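Per the working numbering, the very first residue in the sequence shown carries number -14; after that it's consecutive. Cβ coordinates follow ideal geometry from the N, Cα and C atoms, glycine included. Since we're looking at a predicted model, the values are computed, not measured. Structure first, commentary second.
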Amino acid sequence: MMRGRMIPADTTYGNLLAPEKSTDWLHMDPWRVLRIQAEFVDGFGALAELGPAVVVFGSARARPTDSSYAQARRAGELIARRGIATITGGGPGIMEAANRGAAEAGGVSVGLGIELPFEDRLNDWVNLGMSFRYFFVRKTMFVKYSSGAIVFPGGFGTLDELFELLTLVQTHKVKRTPVALVGKAYWGGLFDWIEGAVKGAGMISPLDPELVQLTDDVEEAVEIAAGGIGRERPEA
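Here it is, written out as structure tokens:
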């Protein structure tokens, strides 16, 4: 309680309604924290009732005439025919192909976009989508709402998503999530190095061959990533 000279000249509510003299607060960390929190809330709200899903990673630079585009489109179709949602980053290339295959097969085609200079919108084949400011929030959604992953050839972004997932699996931070990498010629050298130099130096534990498999066959990749969905699996 305040009386007399102790009564302030302004009030908290009045300060709330007063016009701002500066917008510097928009760029300060406390406000960024609220934006990050809002992205998590929006993502959880949009995907909480999604049901079983497989995430598909791969290059945004793949063209519709590339064989990998056709393979990713086929993967999206096969996933949808199992009654499983397809999740991608919502961009062009491999992401568009997988979303296209899923949408054309009448399935749930999810696109989780990111603000980038060269990706200005979600592709036209997404039927459930949202965009994120922060990579780490977006990657949380990929991992939280998928039970398997198919990885097509890609660059730094694809590698980042792949190794994030492998790290979480290897450290038992997530449930057993099978990963199928499509393109033995593309991925073989990387995993020869991992199994040779990296594991040989004692830097990692052996990868579980049931969780990480290389293949050239799209049907096999879908079976690896989605075959265990709907069946009880032991905890990692």
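Asked                                                                                                             : Found
Where the beta strand (DSSP E) through residue 167 begins and ends                                                : 164 to 167
Distance CB(residue 39)-CB(residue 133) smaller than 8 angstroms                                                  : yes
Beta-ladder partner(s) of residue 115, from DSSP                                                                  : 97
Beta carbon of residue 95 nearer than 8 angstroms to that of residue 135                                          : no
Distance between beta carbons of residue 72 and residue 222, contact taken as under 8 angstroms                   : This structure leaves residue 222 out entirely; the chain is present only between -14 and 221.
Start-to-end residues for the beta strand (DSSP E) that takes in residue 70                                       : 70 to 73
Buried versus exposed call for residue 84 [16 or more other C-beta atoms within 10 Å across all chains shown]     : buried
Residues bridged to residue 41 (per DSSP)                                                                         : 135
Nearest-angstrom beta carbon gap, residue 199 and residue 160 [assumed within contact, 8 angstroms]               : Not quite, the Cβ-Cβ distance comes to about 22 angstroms (not below 8 angstroms), so this is no contact.
Given 8 angstroms, three or more beta-carbon pairs between the region 24 to 41 and the region 53 to 69            : yes
Start-end ranges of the alpha helix (DSSP H) lying completely within the region 141 to 165, minimum 4 residues    : 141 to 155
Alpha-carbon spacing of residue -1 relative to residue 29, whole angstroms                                        : 35 angstroms
Proximity winner among 151, -10, 15 and 171, relative to residue 189 (alpha-carbon distances)                     : 151
Neighbourhood of residue 130 by C-beta, 7 angstroms cutoff - its chain only, sequence neighbours within 5 removed : 32, 35, 38 and 72
Where the alpha helix (DSSP H) containing residue 18 begins and where it ends                                     : 14 to 32
Whole-Å CB distance - residue 124 paired with residue 146, under 8 angstroms assumed                              : 7 angstroms
Residue range of the unbroken beta strand (DSSP E) whose run includes residue 200                                 : 197 to 200
Inter-residue Cα distance where the pair is residue 87 and residue 75                                             : 12 angstroms
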